[in-house]
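Below is one structure, written out as structure tokens; the observations come after it.
Numbering (my numbering), first residue to last: 33 to 143.
Next comes the structure, spelled out in structure tokens:
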């Protein structure tokens, strides 16, 4: 059975992911201009990890609730040197909380 509300939520997730890179979906109703992102060199590695973990978001009723930490742990083991993993996880959690807060703020604003 087709669920239009779910389809709209799925499209919103895709649109959010594309917007993070300054892109829009072909045929998208709204084109949003995104300011360039300037990243300090010491944040590039955790920014990359954050994006590699993009498939690890947990959802409840269509809303992101946090990262799936077993999946994050696998990503850490495969992509981050052992001595740097603890700090990388701490930094990732800061980004996770900021992202969840921003998405919640946007959700409240858009109703």
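Ideal Cβ positions, reconstructed from N, Cα and C, are used throughout, including at glycine.
DSSP state of residue i, grouped into three classes?
i	result
residue 69	coil
residue 81	helix
residue 89	strand
residue 111	helix
residue 57	coil
residue 94	coil
Rounded to the nearest angstrom, how far is the Cβ of residue i from that of residue j, given a contact under 8 Å?
i	j	result
residue 46	residue 38	Their Cβ separation, rounded to whole angstroms, is 13 Å, which puts residue 46 and residue 38 out of contact at 8 Å.
residue 94	residue 41	4 Å
residue 132	residue 96	6 Å
residue 71	residue 79	6 Å
residue 49	residue 86	7 Å
Assign residue i to one of two classes, buried (16 or more other C-beta atoms within 10 Å of its C-beta) or exposed (fewer than that).
i	result
residue 82	buried
residue 128	buried
residue 126	exposed
residue 69	exposed
residue 76	exposed
residue 108	buried
- Message: Pairs of beta-carbons, one from the stretch 119–128 and one from the stretch 97–105, closer than 8 Å: are there three or more?
- Response: yes
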